[in-house]
Amino acid sequence: MSTPLWYHNHTKHTPYRSAPSAGYMDWANQPNPFRNFKGCPRIGLSLETHSKTAAYETLYDGQLSRAEINSNSISLFFRYSLALSAWKSIPESRWSLRINPSSGNLHPTEAYFIGYNTAYSGFFHYSPYDHSLEERASFSQVLSEKLQEKLGKNSFIVGLSSILWRESWKYGERAYRYCNHDVGHALAALSFSASLLGWRINILQELSSDELDGILGFNRTQFLSGEEEHADILLLVTATDELASLHLNSDIISELSTLPLQGTAQALSDETFLWKEAAQMPQLCKTPKLSHQAFETEFTHGHMSEVNRLDAGTTIRSRRSAVDFDGSTGMSKEAFFDICMRLMPDTRKAPYSLWNYEPNINIVFFVHRVLNLEPGIYLLSRSNALEAFMREELDQSYHWSKVHPELPLFQLLQQNTTKVAASISCGQDI
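Counting from 34, one number per residue, gives the positions in the sequence shown under my numbering.
Printed below as a string of structure tokens:
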């Protein structure tokens, strides 16, 4: 019987084989990257952006002036997180890019908005294609007041979900891995957008997978076979310093999970093909209603480089994927240390302020062309417990030389690793 751990090992690439996939691109059946619900009233959001926003560096400070929650700021919140950023084209094809990164630009992640004391009250699906809200359910005054009383008046909820088929189409059995990968991208994008508006964003706690599915309407939405969504997470966005609560009462959960819904999920493809093991994972990885011990940590950033003087909004909307390098140009050591500093968890600042779970991931770098830093393998320790574990489990020949006075950044091995890095990146020189 498949288990999540078995799936994790089964879908790893190795030097001798790639994880199971079709091995070709069925372009005629590529799933639509935009979901819509036919028959829903649509509310168009403003396409305007700030003419000039705060400096990029301030996104990490949590000190930006607070915007009022209204129709304009809600539009900006999605505009700087999950909206389209550009269109590209060649003679026979045209495709969009978005603010939130995505594996293969396939965008399995969908977003939902629950408003109860804003310009929009009800349950909505966010459509990045035309930057609009599709109203799937309206709220009674009683339900709105219950949500306000429990979560605070100056707040709203955002839900994220995944469509496995969008990733299965290209990545086969690895699809579930990429869905989780992209939810992480969306969480970071939402966190920075909230920071830009001076808002707080936190995970709503102690919700089971079944409760998430109910709140987002998946327990009563007729999706075409293979095109189902599975719920990932609910977030509370607030425009106040004090949180009323990060928990929903059982009666509120029940009411949200039984609201009559409008709209029909439109087809994404002519046909779907979900790989067997990946298709089982959303069910096998369902979580019960668990309590959570909040984790708090601080990391004081040192001097930041001049790049941080860039305008935050312009920087966010100009994000592109790195797809080609010349093999000779390097980055400064200071810029590399900036990157490492941004990766240190600090629950006071974006993006880690929403994710108050203890880190389970250390970062390993294959350094090739960082000026004044020897090529080799480096490890950034993001947890004392993890560091102790890694020192015990990794090759004992690694020398663990600390290379920065403030960062827990260690050189493990000094050598040219360009060929090794390309090999473990599926042979991609990039």
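Here a beta-carbon is modelled for each residue, glycine too, at the ideal position from N, C-alpha and C. This structure is a prediction, so every number in the text was calculated from the model and none was measured.
| Asked | Found |
| --- | --- |
| Alpha-carbon spacing of Phe-146 relative to Leu-184, whole angstroms | 15 Å |
| Under the three-state DSSP convention, the category Leu-220 falls into | helix |
| Sheet register partners of Asp-344 (DSSP bridge) | Ala-88 |
| Under the three-state DSSP convention, the category Gln-444 falls into | strand |
| Start-to-end residues for the alpha helix (DSSP H) that takes in Lys-366 | 366-375 |
| Continuous alpha helix (DSSP H) assignments of at least 4 residues falling wholly in the region 249-296 | 283-289 |
| Anticipated Cβ contact below 8 Å, Ala-264 with Gly-192, distance rounded | 7 Å |
| Touching by the beta-carbon criterion (3+ pairs, under 8 Å), the region 199-213 and the region 175-182 | no |
| Counted within 10 angstroms of its Cβ, other Cβ atoms place Asn-449 as buried (16 or more) or exposed | exposed |
| Straight-line gap, Ser-188 to Ala-272 (C-alpha atoms, nearest Å) | 6 Å |
| Ala-170 and Ile-107 closer than 8 Å at C-beta | no |
| Cutoff 6 Å; reference Trp-433; Cβ partners in own chain excluding five residues on either side | Phe-443 |
| Beta-bridge partners of Phe-332, as assigned by DSSP | Looking at the DSSP assignment, Phe-332 forms no beta bridge with any residue, so it has no partner. |
| Pair within 8 Å by beta-carbon distance, Leu-268 and Leu-223 | yes |
| Same chain, Cβ closer than 6 Å to Ala-87, neighbours up to 5 away in sequence not counted | Leu-97 and Ala-345 |
| Neighbour-count burial assignment, Leu-292, 16 or more Cβ in a 10 Å radius | buried |
| Whole beta strand (DSSP E) elements within the region 130-158, 3-residue minimum | 142-148 |
| Three or more C-beta pairs below 8 Å linking the region 35-49 and the region 225-233 | no |
| Chain-order list of residues whose beta-carbon lies under 7 Å from that of Gln-181 (same chain, five-residue window excluded) | Tyr-149 and Asn-150 |
| Touch test, the region 112-119 against the region 292-309, Cβ-Cβ under 8 Å, three pairs minimum | no |
| Beta-carbon proximity list for Ala-300, same chain, < 6 Å, skipping 5 on both sides | Leu-257 |
| Coil, strand or helix - Ile-102 by DSSP | coil |
| DSSP three-state assignment for Lys-45, whether helix, strand or coil | coil |
| Close-in-space but distant-in-sequence residues of the same chain around Gly-72 (CB under 8 Å, 5 per side omitted) | Gln-295, Gly-296 and Thr-297 |
| For Ala-208, three-class secondary structure by DSSP | helix |
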